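Quick note on the numbering used here: the sequence shown kicks off at -15 and runs consecutively.
Working notes for the structure below.
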Amino acid sequence: MKDLLLKVNKPARYSGGEYNTPSMNKPDALKVCLCFPDVYEVGMSNLGIKILYHMLNEQPDIRCERCFAPWPDMGGLLREEKLPLSSLETKTPLKGFDIVGFSVQYELCYTNLLYMLELAGIPFYSAERGEEYPLIVSGGPCALNCEPIAPFFDLFMIGDGEESLMAVCKLYEQCRAEGKSKREYLEQAARIEGVYVPAFVDVSYREDGRIQGFDVKYPIRRAVVRDLDAAYFPTAQIVPNVEAVHDRGTVELFRGCSRGCRFCQACFTYRPIRERKPDTIVRQCKDIILQTGYGDIGMSSLSTGDYPYLKQVVREMKPFAEKHRVNLSLPSMRADSFQDEFAFLAKKSSLTFAPEAGTQRLRDVINKNITEADIESCLTAAFQLGYSTVKLYFMLGLPTETDEDVLGIAEIVEKCKRLFREHRTNKKELRISVSASTFVPKPFTPFQWEPQDTRENLARKQQLLIGALRQRGVSFAWSDYFTAYLEAVFARGDRRLADTVVRAYRKGCMFDGWTEYFREDLWREAIAESGVDTELYTGRHGFDDVLPWDYFDSRISKKYLRRECELAYRGEVTPDCRKGCRGCGANADGLCEVANALKSKAGAEPGTEAGPAEGRTAEENGSC
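Take a look at the structure:
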């Protein structure tokens, strides 16, 4: 292995031995390998991997290691030398582990799953793997609709992984001690909350190719960590050997989101809202600084500015951070939560701001809940603080979008330039970077029934913007259509697509999220040869259609999502959950801290009183 490191780019990706690596001296332990189907620098930026890795290694009877997708140069050498893909820590081949778990973060890494399995000498399909192979499991955001890759895995963990992964591992130890088969183990594992065993769900189809229904042997419900403040969180986090994409220590302020942006899958699938206490956050920040040596600490959540104790945390951390010469940083702030108190934290080389849509009408459709006044106040504050570079993020192809909405993006750019002239505090020139990605309808959102815009229509809209934004100091970038199309196919696809993934990989597709390796021609060939009708996945769904992910309980009411979709077409907004419970169903077990706080304040059951703009009961909203 050492000889190979001299022949590849960034050999530190494969060397292991990072600072804060736990002891691997557990000879009789359950052996688990956490795999990430992308390169080391991307995987080591993922907080979820760090949490699960350190959590398992703190167990006296579990040894957890890591493996990342080798870059093609290393992958080629492993094939040439006939060496199996192995773990970083002890160089153990993946076939030598008891459990191999993949964190699947995005649809364009599906071929990399097969790439890693093939390098490890492990058959792709679960049905082809006997008792001699490790248990192959998966989790992460793509587990929410894992059907396109379901035939490759023995089980999936859907939702928060801290408790379900530990339960999966402990049950494996028990079944192994009792001499039970893999099938017997899976029968018991399927009863764990958040665990989905594809072999125990059968799908039937209609003549037109759409899904008729499911035969579900065991009920499946998204797992949720009940008390985030008490949940495991590592502070002596492993420090990468090479600079990671997000090279900093990270603390998680809360899970869930109260905003309700109708295009955002994470907003709905990380509910209910659970917060960490401010003293917990401060302690974790200080411990990370002392135990890792990071020069930056990021305070992260889906909408960080909504954390109610953010000012308190910032005030308490600032002296400690200054003493240790550490930067406190926030992710890009919403326009309506960008305040002078936080701006110095967010301030880097540029202001990042995501209006998502060019007009107030379309922002109301997607429930972005920011106004023209919010945009103006945000930009004004930024320019008064000395910002001269602004990055603006939008989406094209949103439901109900018109040319007026598209050209509204250029109007925001003009507004940005005007405000800069009025409020600039330095002699720097204004630079504006505009990015327009393609909207992809995702499961468990109010737009899960919506079609994806066509290539021709999106190309026309992009040309409109190219003409409107051809100005000095303004750059414009847009996403490739086919990658967004492929993402939509797999985001809303079913298990019949597994054959398409295999065919694409066999043709040479891998690292599809990397522009230099993405091959549209090969993917088109694979789709044609597998005979799938992609219109089933990218076209419009009816409200009464059976969707590929309808076999399990996401904790968000489908009736609620439908009502939100109907409100979108009426251009009506749904206010922030923190201003009134919307009855989405996430608090069915009383776990939503925001809903419970509202209940305590009002002395009523959460969801029985609608928010200020609607006058609807929770039952009408679709509460579970």
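Glycine included, each C-beta is placed from N, C-alpha and C at the ideal position.
Here the structure is a predicted model, which is why all the values come from computation and not from measurement.
query	result
For the alpha helix (DSSP H) holding Gly233, just list the boundary residues, first then last.	Here Gly233 belongs to no alpha helix (DSSP H); instead the beta strand (DSSP E) covers Gly233 to Glu236.
State the Cα-Cα distance for the pair Glu440 and Arg243, rounded to the nearest angstrom.	32 Å
How far does the alpha helix (DSSP H) with Cys159 in it reach, from first residue to last?	Gly145 to Ala161
With DSSP run on the structure shown, which of helix, strand or coil describes Lys563?	helix
Please state whether the Cβ-Cβ distance between Asn30 and Pro6 is less than 8 Å.	no
Is it right to say Asp211 is buried, meaning 16 or more other beta carbons lie within 10 angstroms of its own, or is it exposed?	exposed
So, Glu227 versus Glu25, is the Cβ gap smaller than 8 Å?	yes
Please report how far the alpha carbon of Lys307 lies from the alpha carbon of Pro224, in whole angstroms.	24 Å
Using 8 Å as the cut-off, can you tell me whether the stretch 91 to 108 makes contact with the stretch 53 to 72, which would need three or more C-beta pairs spanning the two stretches below that distance?	yes
DSSP state of Thr373, grouped into three classes?	strand
Give me the residue from Gly105, Arg255 and Ala(-4) with the minimum Cα distance to Gly574.	Arg255
Does at least one heavy atom of the ligand HEM sit under 7 Å from the Cβ of Glu356?	The ligand HEM is not part of this structure, which contains no ligands at all.
Can you look up Tyr37 in the DSSP assignment and give me helix, strand or coil?	helix
Start and end of the beta strand (DSSP E) containing Arg415?	Arg415 to Thr422
Indicate whether the contact test is met: 3 or more Cβ pairs, each with one atom in the stretch 168 to 178 and one in the stretch 57 to 67, closer than 8 Å.	no
Quick one: grab the DSSP three-state call for Gly282.	strand
Could you tell me which residues DSSP pairs with Phe20 in its beta bridges?	Phe52
Please go through the same chain and pick out, in chain order, the residues whose beta-carbon is closer than 6 Å to the beta-carbon of Glu191, but skip the five residues on each side of it.	none
Are Pro383 and Ala250 close, meaning C-beta to C-beta below 8 Å?	no
Which runs of the beta strand (DSSP E) spanning at least 3 residues fall entirely within the stretch 215 to 258, listed in chain order?	233 to 236
CB Asp22 to CB Cys93, shorter than 8 Å?	yes
Starting from Asp505, trace the alpha helix (DSSP H) both ways and give me its first and last residue.	Glu504 to Ser514
Hey, how far is the Cα of Ile195 from the Cα of Thr558?	31 Å
Apart from the five residues on each side of it in sequence, which residues of its chain come closer than 6 Å, Cβ to Cβ, to Ile273?	His308 and Val310
Is there contact between the stretch 444 to 451 and the stretch 522 to 538, where contact requires at least three CB pairs shorter than 8 Å?	no
From the DSSP output, in three-state form, read off Glu325 for me.	Residue placement at Glu325 cannot be trusted, given a pLDDT of 49 that sits under 50; the coordinates are not used to answer.
Cα-Cα, which of Gly32, Leu(-12) and Asn4 is closest to Leu67?	Leu(-12)
Where Ala(-4) and Ala461 are concerned, what is the direct C-alpha to C-alpha distance, given to the nearest angstrom?	33 Å
In its own chain, which residues sit with a C-beta less than 6 Å from the C-beta of Glu96, not counting the 5 before and 5 after it?	The question names Glu, yet the displayed sequence has Asn at residue 96. Answer for Asn96: Pro21, Ala53 and Met494, listed in chain order.
Are Arg206 and Gly178 close, meaning C-beta to C-beta below 8 Å?	yes
By DSSP, does Tyr94 sit in helix, in strand, or in coil?	helix
Give the single residue among Pro182, Val473 and Glu73 whose Cα lies nearest to the Cα of Asp199.	Pro182
Inspect the CB distances between the stretch 424 to 432 and the stretch 539 to 549 and report whether three or more fall short of 8 Å.	yes
Evaluate contact between the stretch 554 to 568 and the stretch 504 to 516, counting only Cβ atoms and requiring at least three cross-stretch pairs below 8 Å.	no
With three or more C-beta pairs closer than 8 Å as the rule, is the stretch 280 to 295 touching the stretch 226 to 240?	yes
Whose C-alpha, out of Gly526, Leu481 and Glu504, is nearest the C-alpha of Asn129?	Leu481
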